[in-house]
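> Converting from the sequence shown to the numbering used here requires adding 792 to each position, the first position being numbered 1. Virtual Cβ for every residue (Gly too), placed ideally from N, Cα, C. Just so we're clear, the structure is a prediction, and the values are computed from it rather than from any experiment. Take a look at the following structure, please.
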Amino acid sequence: MPTPQSQLASRIAEQFGLGQIRFPCADCVVLEDGEVLKLFIPRSKRVMMGHPQDRMIVGDLMFILGRKLVPLRAPSKKFARPEHCAACNLANFPWLVPFSWLSDEPIDGRFLDGLHTLIATLPNDERGWQERFGENVFETPALETVRQLVEFLRKAVPPPRA
């Protein structure tokens, strides 16, 4: 039985024509495929002070080296989650909130545009990541790189003017 998280990932991937990668702990939407995979792990969250059906999309951006993907044994179509990755939570970019409303209507395309704007500022290759964030960026726990990653993204992508 699919989890709400996997259903949301499938919905986003289907609506926007994106691929998916499944790990034992979560399903990811592939925002950009290449030497460095740029992934989004969506979740939904109840809106404070709203009705139970009032939900928004939250989640994490995760960046991993494609060569580090290891498939689990067949018949599973999932991959083992790499030991190390770079990642950050979308809560660090509150300007995405107005576009993250979740309802029976299609997801606002501006939400995906915002994700693409964020990831477009990041290098596409391992060497670029190492030059920007240090030689060990993909060898250290994500918690050790999150601050540097968020600071870079906030400078590179300022919030849109109202």
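In three-state terms, what does DSSP make of Ala948?
Three-state result, Ala948: helix.
> Under the assumption that Leu941 contacts Ala878 (Cβ atoms under 8 Å), give the Cβ distance between them as a whole number of angstroms.
About 6 Å separates the two Cβ atoms, so the contact holds.
> Is it true that the CB of Val862 sits closer than 8 Å to the CB of Met848?
No, the pair does not count as a contact, with Cβ atoms beyond the cut-off.
> Out of Pro915, Ala934, Pro933 and Pro886, point me to the one whose CA is closest to Arg953's CA.
Of Pro915, Ala934, Pro933 and Pro886, the residue nearest in Cα terms is Pro886.
> Figure out for me which residue from Cys817, Lys837 and Gln812 has the closest Cα to the Cα of Lys830.
The shortest C-alpha separation from Lys830 is found at Gln812.
> Three or more beta-carbon pairs under 8 Å between the region 798-807 and the region 894-904, yes or no?
Judged by Cβ distances under 8 Å, the region 798-807 makes contact with the region 894-904, as three or more pairs qualify.
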